[in-house]
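Peer 1: Every letter in the sequence shown is one number past the one before it in the working numbering, and letter 122, counting from 1, is 125. Note that the Cβ used here is the ideal one computed from N, Cα and C, for glycine as well. Sharing a structure, written as structure tokens. Questions coming.
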Amino acid sequence: MNKKVTYLIVGQGLAGTWLSYYLSQQGISFVIINSASQASASKVASGVINPVTGRRMVQTWIIEEVLPFSVSAYTSMQDLLNTKIIQEAPVFLIHPSKQMKESFEYRLQHDNVYLQEMDENISTSNFNTPFGTGFIDSCYWIDLNEMLLKWKFFQTQAENYIVDDFQLKDAIITHENVTWKNIVADKIIFCDGINAFNNPYFNALPFAPNKGEALIVQVKNLPPQFIYKSTITLVPWKDDLFWVGSNYEWDFDHVNPSESFKQKMIEALDQLLTIPYEIKDHLVGVRPANKERRPFVGYHPIQKNVGILNGLGTKGCSLAPYFAAQFIANDIFNKPIHPEACLSRFKELLSKN
Ligand SMILES: Cc1cc2nc3c(=O)[nH]c(=O)nc-3n(C[C@H](O)[C@H](O)[C@H](O)COP(=O)(O)OP(=O)(O)OC[C@H]3O[C@@H](n4cnc5c(N)ncnc54)[C@H](O)[C@@H]3O)c2cc1C
4 MNKKVTYLIV GQGLAGTWLS YYLSQQGISF VIINSASQAS ASKVASGVIN PVTGRRMVQT
64 WIIEEVLPFS VSAYTSMQDL LNTKIIQEAP VFLIHPSKQM KESFEYRLQH DNVYLQEMDE
124 NISTSNFNTP FGTGFIDSCY WIDLNEMLLK WKFFQTQAEN YIVDDFQLKD AIITHENVTW
184 KNIVADKIIF CDGINAFNNP YFNALPFAPN KGEALIVQVK NLPPQFIYKS TITLVPWKDD
244 LFWVGSNYEW DFDHVNPSES FKQKMIEALD QLLTIPYEIK DHLVGVRPAN KERRPFVGYH
304 PIQKNVGILN GLGTKGCSLA PYFAAQFIAN DIFNKPIHPE ACLSRFKELL SKN
């Protein structure tokens, strides 16, 4: 017998998790199909929300709205899942050069919201700090693997979750509904990360995949309440393990871990740390980034029951809850989607397909 739902969601990374969360909040039916074999950027991400970006240490896009929204969203998700997933973790800056120290000092005096001088009571002895230190406030660490796993468990229990590889050839999509195997849905939303680049409905979008790697490193006695940032970033992972990364590769011919990345991290760690460390693992992922650095949120202009939530790039942790909420509020209450993220900006381009 067919199962009828309102939404079919393809993919359970950050995008699919948050989209289904807001549907469940509204009591709207859905099924998530998530593949066990396809890549997931969310599983290898460090899970950091940092309101400041780049060499000039400016605020990230619409962070004044996105930050309080996402902190509140992860706190509600944490309460629902009854497990710790969000932790405030200030960034402990170890300036990697004279220029970065000057950049920090300049920003401290001009349009500063989040930067602070280092607290004198905090020890810097675990690091070589020839150019000094600083602090970024209002940063958070999200335990993404815990959240993804628990949400999957909850939705499996509720019979809203299928582990399978969704293939378009197995689906019948009409303007009325979408049939996939024994499920009939009113709408289908693709939250399938880099896999969307091959989706004929959306492959005209200006995707620009970006490969990133990380090491998982054991560093005993390094306080886990901070994120440490220099030329590399050390993010508390689990117990005395730290996520160490990353790189941003726009041009790559394979998605395997690379020896050159590992060697670069070892050099940087040797220079940065005054205490021993041990490498435990090497992770790799591809960020579903795009040339505009803005998300893709909404429905195909012609096939109006086929939607997408993607293009979260390097900022999935903060952007996913915010834009998943906008997607659903638009769908149900006709509220606007941020014009820089709304898919309607590609109406002409996607209408050619
Ligand atoms: C090394 C690295 C570090 C990062 N660090 C951060 C960070 O600190 N902070 C931050 O905000 N962002 C970070 N990011 C970016 C962040 O990971 C992404 O923005 C985010 O995870 C994208 O989420 P998504 O749900 O769109 O895609 P994904 O997480 O890739 O999820 C896609 C899901 O779809 C499933 N899927 C794909 N195809 C199919 C199919 N055919 N059928 C069924 N299921 C399918 C996959 O299995 C997967 O579960 C990092 C990324 C990388 C690679």
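Alpha carbon to alpha carbon, how far is ILE12 from ILE165?
Peer 2: Distance between the alpha carbons of ILE12 and ILE165 is about 10 Å.
Peer 1: Taking 7 Å as the line, does the beta carbon of LYS232 fall inside it for any heavy atom of ligand 1?
Peer 2: No - ligand 1 has no heavy atom lying nearer than 7 Å to the Cβ of LYS232.
Peer 1: So LEU225 packs on ILE139, CB below 8 Å; how close in whole Å?
Peer 2: Rounded, the Cβ-Cβ distance is 18 Å, inconsistent with contact.
Peer 1: Please go through the same chain and pick out, in chain order, the residues whose beta-carbon is closer than 6 Å to the beta-carbon of LEU70, but skip the five residues on each side of it.
Peer 2: So the list reads PRO54, once near-sequence residues are dropped.
Peer 1: For ASP242, I'd like the list of residues in its chain whose CB is within less than 6 Å of its CB, leaving aside the five on either flank, ordered along the chain.
Peer 2: Excluding positions up to five away in sequence, the list is empty.
Peer 1: Work out the CA separation of LEU315 and LEU151 for me, nearest whole Å.
Peer 2: Between LEU151 and LEU315, the C-alpha separation is close to 17 Å.
Peer 1: If you run the structure through DSSP and keep just helix, strand and coil, what is ILE305?
Peer 2: Coil.
Peer 1: What is the residue span of the beta strand (DSSP E) that TRP253 lies within?
Peer 2: It is not in any beta strand (DSSP E) - TRP253 carries neither H nor E in the DSSP assignment.
Peer 1: Alpha carbon to alpha carbon, how far is LEU26 from VAL34?
Peer 2: Going by the C-alpha atoms only, they are around 11 Å apart.
Peer 1: Compare the beta carbon distance of LYS283 and VAL220 with 8 Å and say whether it is the shorter of the two.
Peer 2: Result yes, Cβ atoms of LYS283 and VAL220 sit closer than 8 Å.
Peer 1: Relative to the C-alpha of GLU123, which residue among LEU111, GLN112 and THR136 is closest?
Peer 2: Selected option, being the one with the closest Cα: THR136.
Peer 1: Just to confirm, does ARG290 get its C-beta within under 7 Å of one of the non-hydrogen atoms of ligand 1?
Peer 2: Correct: ARG290 has its Cβ closer than 7 Å to ligand 1.
Peer 1: At a threshold of 7 Å, does LYS184 count as lining ligand 1 (C-beta to nearest heavy atom)?
Peer 2: No, the beta carbon of LYS184 sits no closer than 7 Å to any heavy atom of ligand 1.
Peer 1: Any beta-carbon of chain C closer than 8 Å to the one on ASP273?
Peer 2: Annotation note: the requested chain C is absent from the structure, which comprises a single protein chain.
Peer 1: Once the 5 residues before and after ASP195 are set aside, which same chain residues still bring their CB inside 6 Å of it?
Peer 2: For ASP195, where only same-chain residues beyond five positions count, the Cβ hits under 6 Å are VAL13 and GLY14.
Peer 1: Give the range of the beta strand (DSSP E) segment to which ARG110 is assigned.
Peer 2: Careful: ARG110 lies outside any beta strand (DSSP E), inside the alpha helix (DSSP H) at 101-112.
Peer 1: Below 7 Å, is the gap between the Cβ of GLN160 and the nearest heavy atom of ligand 1?
Peer 2: Because no heavy atom of ligand 1 lies under 7 Å away, the Cβ of GLN160 does not count as near it: no.
Peer 1: Between LYS318 and ligand 1, is the CB less than 7 Å from at least one heavy atom?
Peer 2: For ligand 1, at least one heavy atom lies less than 7 Å from the Cβ of LYS318.
Peer 1: With DSSP as the reference, please indicate the residues paired to GLU91 in a beta bridge.
Peer 2: Looking at the DSSP assignment, GLU91 forms a beta bridge with TYR143.
Peer 1: Assign LYS144 to one of two classes, buried (16 or more other C-beta atoms within 10 Å of its C-beta) or exposed (fewer than that).
Peer 2: Note that residue 144 corresponds to Trp in the displayed sequence, not to Lys. TRP144 comes out buried.
Peer 1: Would you kindly report the start and end of the unbroken beta strand (DSSP E) that includes VAL222?
Peer 2: Here VAL222 belongs to no beta strand (DSSP E), and DSSP marks it neither H nor E.
Peer 1: Determine contact between the region 330-341 and the region 290-306, defined as no fewer than three beta-carbon pairs at a distance below 8 Å.
Peer 2: Enough Cβ pairs lie closer than 8 Å, so yes.
Peer 1: Distance check for SER38 and ILE311, CA to CA, integer angstroms please.
Peer 2: Those two C-alpha atoms are separated by around 17 Å.
Peer 1: Report yes or no: do the region 168-181 and the region 191-210 share at least 3 C-beta pairs separated by less than 8 Å?
Peer 2: The answer is yes - the region 191-210 touches the region 168-181, with three or more Cβ pairs under 8 Å.
Peer 1: Compute the beta-carbon to beta-carbon distance between VAL181 and ASN308, rounded to the nearest angstrom, for a pair I have assumed lies under 8 Å.
Peer 2: Their Cβ separation, rounded to whole angstroms, is 7 Å, which keeps VAL181 and ASN308 in contact under 8 Å.
Peer 1: Between the Cα of THR236 and those of SER261, PHE229, VAL247 and PRO227, spot the shortest distance and give me the residue it belongs to.
Peer 2: For THR236, the nearest C-alpha among the options comes from VAL247.
Peer 1: Mapping the DSSP letters down to three states, classify LYS265 as helix, strand or coil.
Peer 2: LYS265: helix per DSSP, three-state reduction.
Peer 1: Give the straight-line distance between the Cα atoms of TYR231 and ASN250, rounded to the nearest whole angstrom.
Peer 2: Taking the straight line joining both Cα atoms gives about 16 Å.
Peer 1: Could you pull the DSSP bridge partners for TYR10 from this structure?
Peer 2: DSSP, once it has assigned bridges, lists PHE33 and LYS190 as partnering TYR10.
Peer 1: Give the range of the beta strand (DSSP E) segment to which THR182 is assigned.
Peer 2: Per DSSP, THR182 belongs to the beta strand (DSSP E) from 181-183.
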